[in-house]
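Chains as they are written, first to last, in the working numbering: chain A, 2 to 408; chain B, 2 to 408; chain C, 2 to 142; chain D, 2 to 142. Glycine residues also receive a C-beta, built at the ideal position from the N, C-alpha and C atoms. All of these numbers come straight from a predicted model, not from anything done at the bench.
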Ligand SMILES: Cc1ncc(COP(=O)(O)O)c(C=O)c1O
Ligand SMILES: Cc1ncc(COP(=O)(O)O)c(C=O)c1O
C-alpha cells in the first residue's frame, strides 16, 4: 500500500480501470481530457433515474421535491468545496465552455472600442474564442500575456501595460497542454488594481487543487464536472454577487424568469437568472457526489500523490533519448506533454494505444502553444490519483518501444 | 394485456414506477415536465461510465474512438428518427431552451428595426423570452398569434398581417400547458410564403409524435431528451443546412474551431461550429438509446394508447362537479390541465401528492396562457405510454377526495 | 400564552390525528379561521416570495407585542401560515426572534420545511422573524 | 495488376504477421517507400481534412490511368495512404470508382475505418475516389 493513498483500493472504485484494450490492461493517462467515474458516482446516477427522477423547482409532488433538494444540495456542496460565500453565486452550467461564454456574452454591453481584454498565451480555445468574439462585437482589443519556452507566463509586459483601459483579464489556473500552475493570485491582484475583472478557468485545476475562491478574491471561476470524476454535460460558474447582478441574463427560458407577459418580462433572482431551462438535474446531483468522493479521499493527499507520479514519470521519460517535455516550470500538476525528436505525436499515440495505453495527442485545444513551440502537437500523458507507478513504467516502456519502431 | 401495448411488461422497464410515495404506489402523471427513464437507458449510461468513458473527437486512443463512434451513432439515430436529410443538421444541445437561444442569438445580426417576429400565444417561456431579448437587441417587434378559449390558435390575424417584414415565426408543436397540437404545417407554409423562417419547439411533441422534418419543411426544430425517456442535460436542434451555414456560431470554445491563433480564428464545419466544448457525451449516447427504446415499442402505438388514456381521463374527470379543463381542442395529446371551481391548483396538487399521485401545478412556464384565462395556474396531469387506466381511476378518485376536502 | 406553550398545544392537537387526511383537514380548518389581513395590505410588498400560491403577511405592534395578520389564495398555504401566526402572534419581538421552529417537524409538516419547497414555509418563518427584528430594532433605538 | 489482385497481395502480406507490432512495422516500412508527392503540391488544397496529421494527395493522369502521389508528416499515416495508393494508383478511373475497400478490414486496420477516426482513412479513400471521379468525368466529356 502506498503511504499516502490506498491506490489499490481506490482503483476498485473505477470499473473502467479493469478493462482491456487491444488485449492489454488499460492504462488510462488521458485524465486531463476527462477523468474516470467511480462506482459511487455511477450509483448516484442510477439511484436518481431509478427512484426520484423529476423536473425540479416549483413542483409540489414528492419526486420533484426530492430531486430539487438533491440538486440544491449539490450546489451547496460546490459552494463549500470552493469556499464560496453564497450558494447563489454558484451557477450551474453545462461545462467550463458554457460558463466562459456566459461571462463573455454578459460583458458585451460593458465594453467599448479602446478597452482592453488580456488573455494568457497558454489558454484553451474555450478561453480564447469567446473573447475574440466579444472583441469583434465590441471593438475592444485582445492583448496577450506572453509565455517563455519553459512554459511559464511572463508577467512583466502585462504589469507594464495594464491600465484603466483594461476591463477584463482571463487566464487558466492550470494549462491543460503544459500542466503549468499559473500565478493567478498575482494576476488577480494586478488586475484589480486597475479595476479590471478576472475570470479564472479552473477546468484543469479542479481535479488537483481545492481553490479557495474567497481568498483568491477572483471575480469568476469556471469548472467542468467531467474532469473531476463527475458526469459529462455539467459544470459550474462562480461569480461574485455584484457581477452576477450586473450582468444581463445569458439565455431566456423557463426557470430564469419572475414574471412573463408579451409586454414585459422580469428576471428571477440569482442563481436562477442564469439557469434557463431544465438543467442537467442528474448531472448536477452526480457532480456533488463526485466532489464528495474526492473530499472523502482528501484533495491534499490526491495532490501529493499525483506530484509523486509526476516526478517519477518526468525523470523516467527524460531518460529516453530525444524526448523533450513541454512545460518545464517548477510549479506544475501531473500533466506531461512531450515529443520524440523527429517523430509525429500522432504516431506515438497510435502505437501506445496498441499497447493499451491511452494518451492524448494533438494540439489539446491550445493551438497558440503549439504555434509558439512550432510543433504540430504533443503527446500528453496526464495522471490522476488512481494511476500507479507501475502504469508509469508501462508508459515509459511503451514510449521506448514506439521510439524504436518509429526511428 | 392491453390490445395495443403490453403495458404491464413495459412498466417493468421503469424501476421508478415501482416506488411508493407517502405509503402509496406512485402514480406519475407529470410526464410533460419530464418523462421517466427505462432500465435500457440507465444501462447504457452505466455501460458508458463503466467501459468507455472518454473525451471524444480527435482522440487516437481506443476509448476515445469508442465514445466518439457511440456519440456520432446517436446523432444518426436522431437524424433517422426525425427524417432529417443530413446528420450535420443535427446539433447536439443541452436541451430545447439551449437550442432556441442558439437560434435567437444567431438572428441578432439579421434583424432590423421594423422587422417582425411572430410567436404564438401559447408558448412556453423558453420560446418567448429569447425572442423578447432578441427584439430588445435588434428593435424588431414581437407579434402574437392569438388563441381562443378552447385553447386553440386563431390564425386569421396572423395570415392577414404576415408580410415581408416578418422574418421569423415561432410556435410550439404541442402546448405543454394545454396539450393542443398546433397546425404547424399551415403556419410553416404561410411563413415561407413571405420568406420568413420558422422555428418549431418540438419539446412536447417528441414524446408523442414522430415528426418528419423534411416533409414539414421546417427551418428549425428543437427537442429535449429528458421528455422522451432520455437523460437530463441534453437535446437536439435541427436546422436546415442553409440556415446553419448562415448563422454565426453561438458559443466559442474547443470542438467548434478549425484554426485558432490570437490574430485569427476560423470556425469548424457543421455540426461542430455550434458544439463548443466537451458535450454531454454520455447524455447524447443515452438520448439515442431512448429513441431506440421508443421506436422498439413504436411511436404510432404509443400515440394510439395515449389517446385512449386521454379520452378516458377526460370523460371521467369531467364528471366531477365544477371541474373545468383548459385545452378543449379536438387535436390534442395526453395532457389535461384543469381546475376545480374556486379552489387553488396548489391545494389540489398538494393533496394528490399525499395520495401518491404526482401532478404538476402552477403556470407551467406559460404565464401568458394563465393570464389569458385569468387564473393563477392549473393542475396538470400528463400521461405517458407507461401509465394505465387504473392510474387514471386513482387520479379521478384523488381529485374527488381533494374537492371534497377543500370545499 | 408563551410561544413554547402554544407550540406544544399545536403539537398536542396534531398528535390526535391518525392519518394525513385528518391532519390536512385540520390545517384547512385553521386556514379558514386565520386572522385575515385587511385588504389594504394585500399589496406586492406584503407578498412572500418563493410560494407557488400568494401569501401576504402584515405585522402591527400593539402593547409591545407583534400582531400578525395574513392571507393566501390557497387554503392549505393559509393553514400553514395560520399555524405560524398562532404560534408567533401577540408575542414580544425578542421572544419571536429566539423561538424555535421544531414543532413544524413534529406536527408532520417536515417535508414542507425544505428551503426549496414551493409553499415557501421557510420563507414565511423568515418573514415573520424579519418583522420581529424590525420591531425589536425600533424598541432598542 | 488489377486492383483486386493487388488488394489480395496486400492481404496476403499482412496475413503473415502474428501481432500488431509486425503489422505496424510493415506499415511504417510501406510509409517510407511511398511514392512521394512533389513539394509544389504540398499545398492546402491537397490536404485531406479530418486527419490529426497532415496528408497531402495529388493525382495525375497518365495513359488513361490515375497516378497518385502523397505524403504525410506522420509515418503511420504515410503507411496507410501508402497502402491505399498501392491498391489504387496506376488504375483506370472506372476501376478505382468501382473498387471495394474490404481489404482494409482484412489487414487488421478495421478500427481505422470509423468515419470519426482521427487518422482520416475514410476521408483518404473518399479523396482518391473523388480524383478518379473527376478524371472519369473528363474522359466521358
Ligand atoms: C413546449 C416546451 N417548450 C420548451 C420547453 C423547455 O425545455 P427544456 O426545459 O428541456 O429546455 C418545455 C419544457 O418544459 C416545453 O414543454
Ligand atoms: C484549461 C481548460 N479550459 C477549458 C476547457 C473546456 O472545458 P469543457 O470542454 O468541459 O467545457 C478545458 C477542457 O478541455 C480545459 O482543459
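Within 10 angstroms of the beta-carbon of residue 160(A) lie fewer than 16 other beta-carbons, which makes it exposed. Residue 10(A) and residue 38(B) have their C-alpha atoms roughly 32 Å apart.
Note on the region 153 to 211 of chain A: whole beta strand (DSSP E) runs with a minimum of 3 residues are 167 to 173, 198 to 202, in chain order.
In the structure shown, residue 363(B) falls within a strand segment according to DSSP collapsed to helix, strand and coil.
Not one heavy atom of ligand 1 lies closer than 8 Å to the C-beta of residue 150(B).
Within the region 76 to 104 of chain A, the residues whose Cβ lies closer than 8 Å to some Cβ of chain B are 95, 96, 97, 98, 99, 101, 102, listed in chain order.
Annotation: residue 193(B) has no Cβ neighbours in chain C at a cutoff of 7 Å; minimum Cβ distance is about 41 Å. Ranked by Cα distance from residue 64(D), the first of 134(D), 92(D), 13(D) is 92(D). Taking the Cβ atoms as the reference, residue 254(B) lies roughly 17 Å from residue 285(B), outside the contact range of under 8 Å.
Taking the beta carbon of residue 8(A) as reference, no residue of chain B falls within 8 Å; the closest one sits roughly 19 Å away. Assigned with DSSP and collapsed to three states, residue 124(A) falls in coil, not helix or strand. Neighbourhood of residue 134(A) in chain B, by CB distance below 7 Å: 253, in chain order. Ligand 1 has a heavy atom closer than 8 Å to the beta-carbon of residue 125(B). By a beta-carbon distance limit of 8 Å, residue 100(A) contacts residue 238(A). Their separation comes to about 3 Å.
Shown here, residue 58(B) sits in coil according to DSSP, grouped into three states, outside any helix or strand. Here residue 23(C) is exposed, its C-beta having fewer than 16 other C-beta atoms within 10 Å.
At a beta-carbon threshold of 9 Å, the residues of chain A lying near residue 131(B) are 252, 253, 254, 277, ordered along the chain. Not a single heavy atom of ligand 1 lies less than 8 Å from the C-beta of residue 86(D). DSSP places residue 15(D) in the uninterrupted alpha helix (DSSP H) bounded by 4 to 16. Our two residues, residue 241(A) and residue 190(A), have alpha carbons roughly 16 Å apart in a direct line. The beta carbon of residue 45(C) sits no closer than 9 Å to any beta carbon of chain B.
Proximity of residue 362(A) to chain D, defined by a Cβ-Cβ separation below 9 Å, is satisfied. Residue 350(A) and residue 380(A) have their C-alpha atoms some 7 Å from each other. For residue 73(D), the enclosing beta strand (DSSP E) stretches over residues 66 to 73. When rounded, the separation of the alpha-carbon atoms in residue 52(D) and residue 121(D) is 5 Å. Under the rule that a run must span 3 or more residues, the beta strand (DSSP E) segments found entirely inside the region 317 to 401 of chain A read 324 to 327, 336 to 341, 361 to 363, 379 to 383.
CA-to-CA, the gap between residue 282(A) and residue 402(A) works out to about 46 Å. Near chain D, meaning a CB-to-CB distance below 7 Å, the residues of the region 342 to 367 of chain A are 345, 347, 348, 351, 352, 355, 362, 363. By the Cβ criterion, the region 21 to 30 of chain A is not in contact with the region 18 to 25 of chain B, since fewer than three pairs of Cβ atoms, one from each stretch, lie closer than 8 Å. Sequence-ordered contacts of the region 13 to 42 of chain A with chain D read 23 [C-beta pairs closer than 8 Å].
Contact of residue 74(D) with chain A by beta-carbon distance below 9 Å involves 345, 347, 377. The beta carbons of residue 175(B) and residue 334(B) sit closer together than 9 Å.
With contacts defined by Cβ atoms closer than 9 Å, residue 339(B) and residue 358(B) do not form a contacting pair. Between residue 297(A) and residue 49(A), the CB-CB gap reaches or exceeds 9 Å. By the C-beta criterion, the region 380 to 394 of chain A is judged not to be in contact with the region 40 to 54 of chain A, since fewer than 3 inter-stretch pairs fall below 8 Å.
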